[in-house]
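Enquirer: Sequential numbering of the sequence shown, starting at 1, is according to the UniProt record's numbering.
Every residue, glycine too, gets a C-beta built ideally from N, C-alpha and C.
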Amino acid sequence: MIASIGGPLLFAATTQNIPMARGTLTLEGICSTVHQVVREKHKAEFSVGEFWNSLTYGSDGKLEYNQDKPRQEIAGWIHNAGGQVTAFDFTTKGILQFALENRELWRLKDSNGGPPGLIGLSPRNSVTFIDNHDTDPGIGSNPTVLHILAADADLYVASIDDKIITKIGPRYEVGNLVPPVYKVSTSGKDYAVWEKKA
């Protein structure tokens, strides 16, 4: 579940406690105190837990502005482990997704002027992400189709859902990997993103 580039990562564990990479733990579906015990036992340099709760919705089915309850539940889960673990910030992910889909960017600031998710309460313990990591087509929750077009030492290019092409790496020349129906959406040092023209 944890993807890493480099670093001393030789241990990870799931609820079945299957060794995968030292130094990293990913535990889901267990209480935070067990998470902390496993983290300490294996001397993990980094661990992240998954406390997946629901956002708060009004009677009209629309996302409520105040999302203190779900983010405080995650913060409580972290506190119960002694405050030394991190957790995926599902609250920020959900608010960000809703705000972008509905053009309600005002949701990205809480009533105290800070970020509305866990990162606004405890940035040290928050692992933010922009989409669910369970995107395997076999799971079916948020399926995407990824085609890796190049994977060289200095260039990685991938097509996502035949709508977006991304490139990372210092080599800028991508040859004919990007068809002419795509236009550059953004680019910078060692990266570029193309979007398919409508």
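Name the two residues that bound the continuous alpha helix (DSSP H) containing E101.
Expert: 90 to 101
Enquirer: Give me, in chain order, the residues of the same chain whose beta-carbon lies closer than 7 Å to that of G169; leave out the 5 immediate sequence neighbours on both sides.
Expert: Correct list, in chain order: D154, L155, Y156, D190.
Enquirer: Determine, using beta-carbon pairs with one atom in the segment 59 to 75 and one in the segment 121 to 133, whether at least three such pairs fall under 8 Å.
Expert: yes
Enquirer: Where A198 and V145 are concerned, what is the direct C-alpha to C-alpha distance, given to the nearest angstrom?
Expert: 19 Å
Enquirer: What residues are listed by DSSP as bridge partners for V174?
Expert: Paired residues: none, contrary to the question.
Enquirer: By Cβ distance, which residues of its chain are closer than 6 Å to P115, with the 5 residues on each side in sequence left out?
Expert: Hits under 6 Å: none found.
Enquirer: Is any heavy atom of the ligand ADP found at a distance shorter than 6 Å from the C-beta of E104?
Expert: The model depicted lacks the ligand ADP and carries no ligand whatsoever.
Enquirer: Mind checking whether T92 and G113 have CB atoms under 7 Å apart?
Expert: No; because the gap between Cβ atoms is not below 7 Å, this pair is not in contact.
Enquirer: Using DSSP with H/G/I as helix, E/B as strand and the rest coil, what is D68?
Expert: helix
Enquirer: Give the range of the alpha helix (DSSP H) segment to which L118 is assigned.
Expert: 118 to 121
Enquirer: Under the rule that 16 or more other beta-carbon atoms within 10 Å means buried, what is G94, buried or exposed?
Expert: buried
Enquirer: Please report the straight-line C-alpha distance between A150 and A158, rounded to a whole angstrom.
Expert: Approximately 7 Å, taken between the alpha carbons.
Enquirer: From V184 to E64, what distance separates their C-alpha atoms?
Expert: 36 Å
Enquirer: In the DSSP output, which residue or residues are listed as bridge partners for W194?
Expert: Paired residues: I165, V184.
Enquirer: Span of the beta strand (DSSP E) holding S59?
Expert: Neither: S59 is in no beta strand (DSSP E) and is coded neither H nor E.
Enquirer: Using the Cα positions of V127 and T86, report the straight-line distance between them to the nearest angstrom.
Expert: 7 Å
Enquirer: Since A81 is in the beta strand (DSSP E), which residue starts that stretch and which ends it?
Expert: Premise fails: A81 is in no beta strand (DSSP E) and is neither H nor E.
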